[in-house]
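Notes follow once the structure below has been shown.
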Amino acid sequence: MVQRTKKNLKSFYEKEAKSLPSHQELMYLKGDKHELWWHRKRLGYIIYFLSEIFRKNEVITFVDVGCAEGYYVKIVAEAQRKTFCVGADIARTYIKKAKKNCNVANVDYVVCDIENLPFKSESVNVVVCSEVLEHVLNYKSAILELFRIGKKHLIISFPGHTCIYEVIRKIKPLKEFAEKLVADVGHISEVRIEDLKKILGGRFVSFEV
Numbered sequence: 005m006v007q008r009t010k011k012n013l014k015s016f017y018e019k020e021a022k023s024l025p026s027h028q029e030l031m032y033l034k035g036d037k038h039e040l041w042w043h044r045k046r047l048g049y050i051i052y053f054l055s056e057i058f059r060k061n062e063v064i065t066f067v068d069v070g071c072a073e074g075y076y077v078k079i080v081a082e083a084q085r086k087t088f089c090v091g092a093d094i095a096r097t098y099i100k101k102a103k104k105n106c107n108v109a110n111v112d113y114v115v116c117d118i119e120n121l122p123f124k125s126e127s128v129n130v131v132v133c134s135e136v137l138e139h140v141l142n143y144k145s146a147i148l149e150l151f152r153i154g155k156k157h158l159i160i161s162f163p164g165h166t167c168i169y170e171v172i173r174k175i176k177p178l179k180e181f182a183e184k185l186v187a188d189v190g191h192i193s194e195v196r197i198e199d200l201k202k203i204l205g206g207r208f209v210s211f212e213v
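Using our numbering, the first residue of the sequence shown is number 5, and each one after it goes up by one.
Structure follows, in structure tokens:
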């Protein structure tokens, strides 16, 4: 597991944003077969949930927290011209890329930390946070912040772990060996759906696994 501090977390993602032509394109279109399968599956879930929410509700505001190049912002903004969309990310370079990808009238962008979002409580109709929580120092604080700004709908996705992964993680030599084989993608938190349920208590409608 990569050890990071608040001080160098932002610089890590600034460097990543500058070094990769398109992080999200790599995730959904050009990664290896195993990674593509997982990422596309989660992408499909999120698009389905968004479609259902917009079909059944009037959505005035939409925020994608950890937007990177603005993949979801672009999808929503171009399909829902009456919805004001915001892309938020810790890296200014990612925000610049997102602006180039989608710079229409109903979109704005902000550089910020997920643990201190610059939005009023219950001010956002739909919040998306995809593949982000595993990259933050305090994901519990981040979840509460996402829940704070969300008015009704909050869509979160993060990697799940198999039983094999859990065994490897508990045996230090195996864990260290596995980490040497895996590229540094900034995963610094072990997010579990059981923890998510405990944090939110009864304040949720459903979880999809």
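C-beta: ideal position from N, C-alpha, C; glycine also.
Straight through space, the alpha carbons of V115 and I94 are spaced by roughly 5 angstroms.
By the beta-carbon neighbour count (other beta carbons within 10 angstroms, threshold 16), D199 is exposed.
Per DSSP, the unbroken alpha helix (DSSP H) holding I153 starts and ends at Y143 to I153. Spatial neighbours of V80 in its own chain (CB-CB distance under 7 angstroms, excluding positions within 5 residues in sequence) are listed in chain order as L54, F66, T87 and C89. Distance from the CA of K124 to the CA of S15, rounded to the nearest whole angstrom, comes to 27 angstroms.
The Cβ-Cβ distance between L148 and L158 does not fall below 8 angstroms. DSSP places D93 outside any alpha helix (DSSP H); the residue lies instead in the beta strand (DSSP E), whose first and last residues are F88 to D93. Unbroken beta strand (DSSP E) runs of no fewer than 3 residues, entirely contained in the region 95-126, are found at 111-115, following chain order. By a beta-carbon distance limit of 8 angstroms, A146 does not contact T97. Their separation comes to about 21 angstroms.
Of the candidates V132, Y143, H139 and K155, K155 places its Cα closest to the Cα of E126. Relative to V69, the option among Y49, P122, N107 and N110 whose CA is nearest is P122.
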